[in-house]
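Working notes, structure below.
Chains as they are written, first to last, in this note's numbering: chain A, 14 to 223; chain B, 2 to 193.
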């Protein structure tokens with residue numbers, strides 16, 4: 014027959030463990046003497062409580078705090094470095110992005126260098142000529158005594174002057190022709206005699222008016 | 002049973018550990034390692050698994066110490082962590098593992114028939130325990146095998162005291178039925 018005295022049954026584990034005060038212990042013992050179901054339950058509780066637990070050994074117990082401590086430290090360290098690495102992952106770019114960024118920097122640097130520094134052609138146009146007449150320096154001087162020059166120096170001076178004058182003679186021609194392009198010549202060629210006459214008259218009037 | 006003293010001791014040790022006292026850490030582990038191991042072994046029925054989960058329990062407790070709000074005792078918190086880890090393992094292995102008492106019982110007096118009968122009876126009882134629904138099984142283990150009060154069990158299992166008592170009664174009734182089973186003739190052995 015099953016017992017329904019929950020109050021007593023709840024006390025059985027504590028009774029088995031000898032944790033009850035005198036009154037409760039006495040109450041339980043009275044009930045057990047009359048209740049076979051609770052006596053069987055107590056026997057079962059004793060068997061369960063006595064279940065042997067294999068002891069891992071003293072070495073295990075001694076080493077455990079140290080093992081746990083090292084593992085806790087390691088996990089804390091990983092957590093911290095994991096947090097830092099996560100931050101770096103968000104900040105850092107992948108390798109291909111780094112390569113692209115490096116290429117862009119090099120390109121900008123190269124373009125800047127060419128913008129700031131003159132090209133070789135510009136250097137050539139602004140640089141003094143390779144062959145400078147010794148007399149050019151003399152021209153820069155306050156005075157030159159021509160009587161002191163020997164024949165060779167005079168010949169050199171002559172050829173230099175001829176070269177310079179030739180370039181000067183070319184300049185007006187260039188300036189003159191620069192005002193008339195090929196299309197102007199073509200238009201003049203298309204004018205008939207009367208038109209040319211009229212144009213000539215106009216130019217004369219223009220000159221007279223100053 | 003009162004928890005006041007041990008709880009205060011644990012909190013004081015935790016404070017010392019937080020202040021960098023390594024000895025306080027060791028003391029906390031030493032204090033709880035054996036009772037926790039007993040519980041774990043009874044839950045998973047395997048010494049290696051119990052030792053493994055024991056270490057994981059402490060590691061999890063100390064790495065997550067900031068999550069311990071001191072509303073319950075440190076011991077209750079440890080038991081909650083240990084039980085959750087053991088539950089996961091137990092679920093994985095279902096009820097495949099059975100308790101083996103062999104060496105422990107037989108080594109004492111291998112030749113006596115009494116011990117052989119006792120061993121068989123025990124094995125049947127532990128098989129019956131393993132077949133209980135999880136909450137009932139855990140409540141029975143905590144109450145009978147680790148000597149926890151119903152109040153402590155309620156704290157560990159996050160339920161009311163009434164629920165923990167109900168789980169206990171249901172568990173014990175089923176256990177008796179499963180244990181006695183068709184072979185009622187073993188009663189005398191149980192009563193020894």
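The beta-carbon is built from N, C-alpha and C at its ideal position, and this holds for glycine as well.
Could you tell me the distance, in whole angstroms, from the CA atom of residue i to the CA atom of residue j?
i, j, result
"residue 173 of chain B", "residue 120 of chain B", "20 Å"
"residue 155 of chain B", "residue 38 of chain A", "24 Å"
"residue 176 of chain B", "residue 55 of chain B", "27 Å"
"residue 159 of chain B", "residue 114 of chain A", "56 Å"
"residue 122 of chain A", "residue 93 of chain A", "39 Å"
"residue 202 of chain A", "residue 124 of chain A", "50 Å"
"residue 55 of chain A", "residue 145 of chain B", "10 Å"
"residue 147 of chain B", "residue 88 of chain A", "30 Å"
"residue 24 of chain B", "residue 62 of chain A", "33 Å"
"residue 34 of chain A", "residue 138 of chain B", "27 Å"
"residue 162 of chain B", "residue 136 of chain B", "13 Å"
"residue 82 of chain A", "residue 26 of chain A", "36 Å"
"residue 16 of chain B", "residue 28 of chain B", "13 Å"
"residue 13 of chain B", "residue 89 of chain B", "31 Å"
"residue 190 of chain A", "residue 220 of chain A", "Confidence at residue 190 of chain A is low in this model, with a pLDDT of 45, below 50, so its placement is unreliable and the value that follows should be read with caution. Their Cα atoms are separated by approximately 20 Å."
"residue 73 of chain A", "residue 49 of chain B", "11 Å"
"residue 32 of chain A", "residue 70 of chain B", "31 Å"
"residue 53 of chain A", "residue 131 of chain B", "19 Å"
"residue 44 of chain B", "residue 51 of chain B", "8 Å"
"residue 126 of chain A", "residue 175 of chain A", "42 Å"
"residue 96 of chain B", "residue 112 of chain A", "Because residue 96 of chain B carries a pLDDT of 47, less than 50, the predicted location of this residue cannot be relied on, and no value is offered for it."
"residue 66 of chain A", "residue 53 of chain B", "15 Å"
"residue 70 of chain A", "residue 36 of chain A", "40 Å"
"residue 264 of chain B", "residue 42 of chain A", "Nothing in the structure corresponds to residue 264 of chain B, since chain B is present only between 2 and 193."
"residue 9 of chain B", "residue 79 of chain A", "24 Å"
"residue 161 of chain A", "residue 167 of chain A", "10 Å"
"residue 63 of chain B", "residue 152 of chain B", "25 Å"
"residue 222 of chain A", "residue 208 of chain A", "21 Å"
"residue 165 of chain A", "residue 172 of chain A", "11 Å"
"residue 110 of chain A", "residue 68 of chain B", "40 Å"
"residue 90 of chain A", "residue 129 of chain A", "51 Å"
"residue 216 of chain A", "residue 205 of chain A", "17 Å"
Could you name the residues of the same chain whose beta carbon sits closer than 8 Å to that of residue i, not counting the 5 residues immediately before and after it, in chain order?
i, result
"residue 44 of chain A", "18, 21, 51"
"residue 186 of chain A", "For residue 186 of chain A, the pLDDT reaches just 45, beneath the cut-off of 50, and the residue's location in the model is therefore unreliable, although a value from the coordinates is still provided. There are no such residues."
"residue 140 of chain B", "154, 158, 165, 168, 169, 172"
Can you tell which of the options has its C-alpha closest to the C-alpha of residue i?
i, options, result
"residue 125 of chain B", "B/58, B/178, B/137, B/134", "B/178"
"residue 76 of chain A", "B/30, B/132, B/78", "B/30"
"residue 64 of chain A", "B/89, B/42, B/10, B/70", "B/42"
"residue 142 of chain B", "A/46, A/53, A/35, A/57", "A/57"
"residue 26 of chain B", "A/46, A/86, A/24", "A/86"
"residue 59 of chain B", "A/69, A/161, A/84", "A/84"
I'd like the list of long-range same chain contacts for residue i, defined as Cβ closer than 6 Å, with 5 residues on each side in sequence excluded.
i, result
"residue 252 of chain A", "The displayed coordinates of chain A run from 14 to 223. Any statement about residue 252 of chain A would go beyond what the structure contains."
"residue 73 of chain B", "156"
Considering only residues of the same chain and omitting the five flanking positions on each side of residue i, which have a CB-CB separation below 7 Å?
i, result
"residue 59 of chain A", "29"
"residue 61 of chain B", "82"
"residue 202 of chain B", "Nothing about residue 202 of chain B can be read from this structure; chain B reaches only from 2 to 193."
"residue 129 of chain B", "176, 179, 180"
"residue 65 of chain B", "none"
"residue 14 of chain A", "50"
"residue 57 of chain B", "86"
"residue 24 of chain A", "33, 37, 41"
"residue 11 of chain B", "29, 74, 75, 76"
| How about the segment 35-43 of chain B and the segment 81-88 of chain B: do they share at least three Cβ pairs that are nearer than 8 Å? | The segment 35-43 of chain B, when compared against the segment 81-88 of chain B, does touch it at the 8 Å Cβ threshold.
| query | Looking at C-beta atoms only, is the number of pairs between the segment 19-27 of chain B and the segment 205-216 of chain A that lie closer than 8 Å three or more? | reply | Under the 8 Å Cβ criterion, the segment 19-27 of chain B does not count as touching the segment 205-216 of chain A, having fewer than three qualifying pairs.
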